[in-house]
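If you use my numbering, the sequence shown closes out at 623, no skipped numbers anywhere.
For every residue, glycine included, the Cβ atom is placed at its ideal position computed from N, Cα and C.
Okay, structure first, notes after.
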Amino acid sequence: MPPLPVVIPLVMAAILVALEKIPGNHRLLDFLSVATALVVLCIDLVLFEASLTETIVYWFGGWSPMGGFPIGIAFVIDPAGAALAALAALLTVMGLLFSWHYFRAIGTFYHSLMLLFLASMEGFTLTGDLFNMFVFFELMGVAAYALTGYKIEDTGPLEGALNFSVMNSIGAFLVLFGIGLIYGRTGGLNLAWAGNFLELHGADRTLVVAFLLLAIGFLVKAAIVPFHFWLPDAHAVAPTPASMLFSGIMVELGLYAVARIYWSVLSSSLQFLPLRDLFVSIGLATAITGAVLACMQRHMKRLLAYSTVSHSGMMLAGIALLDSSSLGGVLLYIVAHGMIKGGLFIGTGIILYHFSSIDEERLRGKCCTLRFIGVLFCLSGLALAGMPPFGTGAGKGIIEKSALALGYGSLSSIFLVCSAVTGGAVLRAGASVFFGLGTSNFISDSAPTSGDREPPETTAESGRTPLMMWLPFLLLACGGVAVGAIPRAAGLATEAALRFTDGAGYRATVLKGIAIHPLPATAPHIEWKGGAEAAVLALAVAALFLFRTPLPTKMVKSLKGLVKPVLSWLRAIHSGYIGDYVTWFMIGAGIMAVITIIR
């Protein structure tokens, strides 16, 4: 069963390429693609249930280790990897349901690309081999580039796909160099073998450089500042189902890779603690930058993209604490955030279906007929802020509690502000578009417009919202609630994190076949106070944008004079030119390298 989540969508993608040549078979393509993703989801859930008992190790071709050396390729499935694989399959199912029968250019390999994307994400989460992680990383990128530039007749998608591909290809080169250094140092590419070798022989500066190269390469995929520029450009032009996968799971997989490599390979030999402050600082800087940029947008997909950047920074900070409890909170947060953000992109897709625009200022009050979608959209904004009982609030509460115990008390305040600001930006857009509240504000209104009309995704632009469009939104919102409201979910996340951080147990299971049975983890106590405060603050942020401030006119003008130069500078940095993006990439990588060498 372990290879099937990769094999099934790959085989079906090839079959659909042939079937797409037969005219008039869109219904069959929709059915087969959804059915395939559902089968993968069911298999992932079975693997997740089995992995709770013990880590599953599958050697392809029966090539198990000889003399302790892994000569074959293995899938190593623990609860964390299986959960992320299931999330990838779930979001793919929801994206394919949303696009059921409605994409205008449906005959240009859309279904095959979605299944190829799914197969690559499944392999990425399940593999126990460093080079195969790179292979699936590249396969994921190829499918993502093609989906971003899907509407090839327009220049915008091509530019977004170019920025996406160039930035991520540079990251891929760094990953490949890092893999080469680890291979040269350890003589193997299996994660467990490399970790066992380094545990016996110790790590040197070469391994520090290797980890830095791997971390930078995967942090590009995670849209961490200053490697984040590609994400808003890709989101602005990609089809709605692709945007769901980009923000809902692909960004998180970049963070997963950094954590997996550290805990499986380097945790016993590399003293990462001196670098913890560096990665926590990068995460918090990303959270603040993403939150500020989200408020500056009037293009709703860009707004959601920058909120993803912000939340990705919070996840990185939680991982960088190097604490199993904090990692459990991050896992819970990833699952809930993926569902909520996937639903929000469906909401923007529905708006685009009806009005051929997702410009907040142009649509103010024009979506009043979509009140049900508006309610879901605004609730999802509160979920991003961490409102109880959504899983985002539960995960954030666990991370903050761990941070406080480790002496990072300020992290909680920064999380509060960033989650409230991103949630408030979504609430502002929802209240404006769906309920006609408020007036123009100088921050988002001064943003570049998205044009009179967006290129249509669908064959129809009016009438009632089809069931297959709004049902996935509702299901994902309910899933976000379930992750936080069911106590067992937090317990499973904690148990998965304990297994994930047990590097010695991972290596013993893979190389020696020794089953490690950790004690069941108890569900952590969740502090909801921070989530409730963030939700209230998000409402205040939205109201501040929507309604005129009671401050004196002179004070308002002074504040605008202070804020406008900062906003102009931030917009100038995000110019859309790939040369600028590569420059910032090199500056960020250089700074990280210098800090690492000094430490």
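Taking each of Glu-385, Val-534 and Asp-604 in turn and checking the Cα distance to Gly-91, the smallest one comes out for Val-534.
A contact is defined here as three or more CB-CB pairs under 8 angstroms, and the region 347–359 meets this definition with respect to the region 411–430. Pairing Thr-264 with Ile-358 gives a Cβ-Cβ distance that is not under 9 angstroms. Of the residues assessed, His-225 falls on the exposed side of the cut-off, its CB having fewer than 16 other CB atoms within 10 angstroms. The region 259–285 contains, as complete alpha helix (DSSP H) runs of 4+ residues, the segments 264–269 and 275–285 (chain order). Gly-460 and Leu-451 have their alpha carbons spaced roughly 12 angstroms apart. Residue environment for Ala-501: buried (at least 16 other C-beta atoms within 10 angstroms of its C-beta). Nearest to Ala-360 by alpha-carbon distance, out of Pro-103, Met-411, Ala-315 and Glu-73, is Met-411. In the three-state scheme derived from DSSP, where H, G and I count as helix and E and B as strand, Phe-571 is classed as coil. Gly-527 is the residue among Gly-527, Gly-415 and Ser-75 whose C-alpha sits nearest the C-alpha of Val-289.
Glu-276 counts as buried, since no fewer than 16 other beta carbons sit within 10 angstroms of its beta carbon. Nearest Cα to Gly-555 within the set Leu-563, Ala-521, Ser-592 and Ala-418: Ala-418. Trp-593 is classed as exposed because its beta carbon has fewer than 16 other beta carbons within 10 Å across all chains shown. Assigned with DSSP and collapsed to three states, Val-249 falls in coil, not helix or strand. The C-alpha of Leu-302 lies about 27 angstroms from the C-alpha of Gly-152. Counting only residues of its own chain and dropping the five nearest sequence neighbours on each side, Ser-331 has a CB closer than 6 angstroms to the CB of Ala-318 and Thr-446.
In the three-state DSSP reduction, Asp-526 falls in the coil class, being neither helix nor strand.
With a contact defined as Cβ atoms closer than 8 angstroms, Lys-390 and Phe-379 qualify at about 6 angstroms. Rounded to whole angstroms, the Cβ separation of Arg-209 and Leu-231 is 6 angstroms, and the two are in contact under 8 angstroms.
Cβ-Cβ separation between Pro-27 and Trp-217: approximately 20 angstroms, too far for a contact (criterion under 8 angstroms).
The alpha carbon of Ala-455 has as its nearest neighbour, out of Val-565, Arg-488, Val-441 and Ala-107, the alpha carbon of Val-565. Shown here, Tyr-169 sits in a helix according to DSSP, grouped into three states. Membership of Val-507 in the alpha helix (DSSP H) is indicated by the continuous run 491–509. The three-state secondary structure of Trp-83, taken from DSSP, is strand.
Taking 8 angstroms as the upper bound for CB-CB distance, Ile-374 and Leu-394 are in contact here, some 7 angstroms apart. Here Phe-396 is not near Ala-266, since their CB atoms are 9 angstroms or more apart. Looking at Thr-172, Arg-488, Leu-408 and Met-164, the one whose alpha-carbon comes closest to that of Ala-315 is Leu-408. Counting only the Cα atoms, Ile-46 lies some 47 angstroms from Met-338. For the set Met-118, Gly-462 and Gly-405, the Cα lying nearest the Cα of Leu-328 is the one of Gly-405. Listed in chain order, the non-local C-beta contacts of Trp-83 below 6 angstroms within the same chain comprise Gly-96 and Ala-98, local neighbours out to five positions each way being set aside. For the pair His-598 and Thr-313, the Cα-to-Cα distance works out to about 12 angstroms.
In the structure shown, Phe-133 adopts coil according to DSSP, grouped into three states. Relative to Tyr-174, the option among Leu-115, Leu-205, Pro-589 and Leu-137 whose CA is nearest is Leu-137. In this structure Phe-55 is exposed. Its beta-carbon is surrounded by fewer than 16 other beta-carbon atoms within 10 angstroms. The count of Cβ pairs closer than 8 angstroms, one atom from the region 598–607 and one from the region 188–202, reaches three, so the stretches are in contact.
CA-to-CA, the gap between Ile-422 and Ile-550 works out to about 6 angstroms.
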